[in-house]
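Working notes for the structure below.
In UniProt numbering, the protein residues as written are 1 to 568.
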């Protein structure tokens, strides 16, 4: 009986001092956790997200802030007409142009020249003088010249300038009462033809972007300009197909391109070439003309014993053409990428490769079977030219050991033409300065739309992934992008296209920098499951004793309060 009584005996009650000590220890632990641990954890693990103008970014991407417009200024020079007749001819021609134009994003504005002297080269090309002064670029100069022996008007576009000479019989000067004279109709038609391809390319760019669409309603701007429509009904299917093909073949715009000219031959000769003189003669003038659009670097190399790839189809001899032929479908395998030292990129900009291939004497001449040509373009990569030099002797055929500048002339003329295509220059008209001005407008529109689209993508990314950080430099880049986008849009509305291209280039660069920020991209690959896996092994052994002790203390306090209430 004594043992059973001892088994039921309860432990002695705790002293009040021990209870207070345990309470203070638990309270101290939780005070350190709440007032010190949690703030430090929150500070060290919180993600900094700079404030971004999300609404402005989305509106730029949706085309609600800016719709690109292209008011082209055409200057009229009429040295043989009185001012009243010149103004009347200008008004009737402008009215005819407005009736013919169905693409309001691209509008020709006729302006009578202040003086009847020829424009300077800088004014014709619309260079930095007009940009600095804030004036609209002069896209084209139309010079009206009377000619007695003409039965009907004719025109001639200078190949080295942006001047269009219109020769007309003096009898076709419209009287003041004429509303639609033949001369005005002729001039308007010629101007429409000059800008047909440019309108089609810009229309294609607008329709491919999020801001394109003929039925999009945009509120009128402050300068009361018509809002553009991204459809042109008069474009023929052949022109549309040609423009689509050209856009697919051209390189993506870059601030700097690297041009790599390579000489490849399957034997030991030729082992040298006058490439420096050829580049200076045929390529450098073109690169100088492209200076307002992009920068260029040039590299050259010579590779001997450059054979075809083992899996590539070999040339076949065609007796009808008396030449070794390559099939059109086999041209894509002509480049031996595994063994030929062709760098895909140098530095930050893309590389455009130009391959000059000198066939072996046993396989010369070499041509493309279907067309008989000796050159072709590899879309968004470069161009190839097959140089078939004349054989030195019938008994012992061999390639020349050295290629002179004159021997390189057909190849580098072809390379210059391929370069224009790869850079996206339109095919018409024949005037190179005119085509380069068109390319400036095309690039300005494409970069503005691309930067706007990137802003929309960044806004959607930051909203859909709230766990990624947004550093301060991203907010700075976004602010810079929006500022330059607004400036570029204003330049376009005012007809300052080269200034618009400058701002659009900066906007595109800053937009790409903000979207591909490394710290933002890295956080995407650290999901919440990883955080749980890190915290549980640390907090489990520490948190369970603290939580159990806190619950026991709370239970003791509640029990003591209930006991006090039961006492009389």
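All C-beta atoms, glycine included, are put in the ideal place defined by N, C-alpha and C.
> Are there 16 or more other CB atoms within 10 angstroms of the CB of residue 108, so buried, or fewer, so exposed?
Replying inline: buried
> For the 8 angstroms Cβ check, are there 3 or more pairs between the region 62-71 and the region 435-450?
Replying inline: yes
> Identify the residues that DSSP records as bridge partners of residue 260: which are they?
Replying inline: 299 and 353
> How would you write the range of the alpha helix (DSSP H) that residue 616 sits in, first residue to last?
Replying inline: Nothing in the structure corresponds to residue 616, since the chain is present only between 1 and 568.
> From the DSSP output, which residues share a beta bridge with residue 109?
Replying inline: Residue 109 pairs with 73.
> If you count every other CB in all the chains shown that lies within 10 Å of the CB of residue 503, and 16 or more means buried, which is it?
Replying inline: buried
>> For residue 549 and residue 27, what's the separation of their Cα atoms in angstroms?
In response: 10 angstroms
> Going by the beta-carbon positions, is the gap between residue 495 and residue 137 smaller than 7 angstroms?
Replying inline: Yes, the pair counts as a contact, with Cβ atoms nearer than the cut-off.
> Starting from residue 186 and walking both ways along the beta strand (DSSP E), at which residues does that stretch end?
Replying inline: Unbroken run through residue 186 is the alpha helix (DSSP H), 182-194; no beta strand (DSSP E).
> How long is the line joining the alpha carbons of residue 399 and residue 279, rounded to whole angstroms?
Replying inline: Rounded to whole angstroms, residue 399 to residue 279 spans 22 angstroms at the Cα level.
> To the nearest angstrom, how far is it from the Cα of residue 540 to the Cα of residue 29?
Replying inline: 16 angstroms
> Distance, Cα to Cα, residue 323 vs residue 309?
Replying inline: In a straight line, the C-alpha of residue 323 is about 21 angstroms away from that of residue 309.
>> Using 7 angstroms as the threshold, is the C-beta distance between residue 264 and residue 357 below it?
In response: Yes; because the gap between Cβ atoms is below 7 angstroms, this pair is in contact.
> What are the uninterrupted segments assigned as beta strand (DSSP E) that are 3 or more residues long and contained completely in the region 427-494, given in chain order?
Replying inline: none
>> So, at 6 angstroms on beta carbons, what are the nonlocal neighbours of residue 216 in its own chain, with the 5 sequence-adjacent residues on each side left out?
In response: Only weak support exists for where residue 216 lies, its pLDDT of 34 falling under 50; the value from the coordinates is given anyway. So no residue of the chain qualifies.
> Where residue 242 and residue 412 are concerned, what is the direct C-alpha to C-alpha distance, given to the nearest angstrom?
Replying inline: 24 angstroms
> With DSSP run on the structure shown, which of helix, strand or coil describes residue 290?
Replying inline: coil
> What residues in its chain sit with their C-beta under 6 angstroms from that of residue 147, if we drop five residues either side in the sequence?
Replying inline: 167
> DSSP state of residue 9, grouped into three classes?
Replying inline: coil
> How is residue 515 classed by DSSP in three states: helix, strand or coil?
Replying inline: helix
>> Rounded to the nearest angstrom, what separates residue 355 and residue 384 at their Cα positions?
In response: 5 angstroms
> Comparing alpha-carbon positions, which option in 508, 487 and 321 lies nearest residue 453?
Replying inline: 508
>> Under 8 angstroms: do the region 93-112 and the region 462-473 share three or more Cβ pairs, one atom per stretch?
In response: no
> Under 7 angstroms, do residue 576 and residue 441 count as touching if we go by C-beta distance?
Replying inline: Outside the displayed span of the chain (1 to 568) sits residue 576, for which this structure offers no information.
> Ordered along the chain, which non-local residues of its own chain (more than five positions away) have a Cβ less than 6 angstroms from that of residue 374?
Replying inline: 367 and 386
> What does a CB cutoff of less than 6 angstroms around residue 436 pick up in its chain, not counting 5 residues either side in sequence?
Replying inline: 289
>> Let's see if you can read the secondary structure: which residues bound the alpha helix (DSSP H) around residue 316?
In response: Unbroken run through residue 316 is the beta strand (DSSP E), 316-318; no alpha helix (DSSP H).
> Buried or exposed: where does residue 418 fall if 16 or more other Cβ atoms within 10 Å of its Cβ makes it buried?
Replying inline: With 16 or more Cβ atoms within 10 Å of its Cβ, residue 418 is classed as buried.
> From residue 318 to residue 403, what distance separates their C-alpha atoms?
Replying inline: 27 angstroms
> residue 498 by DSSP, collapsed to three states: which one?
Replying inline: helix
>> Taking a contact to mean a Cβ-Cβ separation below 7 angstroms, would you say residue 92 touches residue 182 in this structure?
In response: no
>> Does the beta-carbon of residue 330, which I'm using as the reference point, lie nearer than 6 angstroms to any heavy atom of the ligand NAP?
In response: Ligands in the displayed structure: none, and consequently the ligand NAP is not present.
> How close, in whole Å, do the beta carbons of residue 164 and residue 139 come, if the pair is a contact with beta carbons under 8 angstroms?
Replying inline: So it is not a contact: roughly 11 angstroms between Cβ atoms.
>> Please state whether the Cβ-Cβ distance between residue 77 and residue 154 is less than 7 angstroms.
In response: no
>> So the candidates are 473, 558 and 9; which of them puts its Cα closest to the Cα of residue 519?
In response: 473
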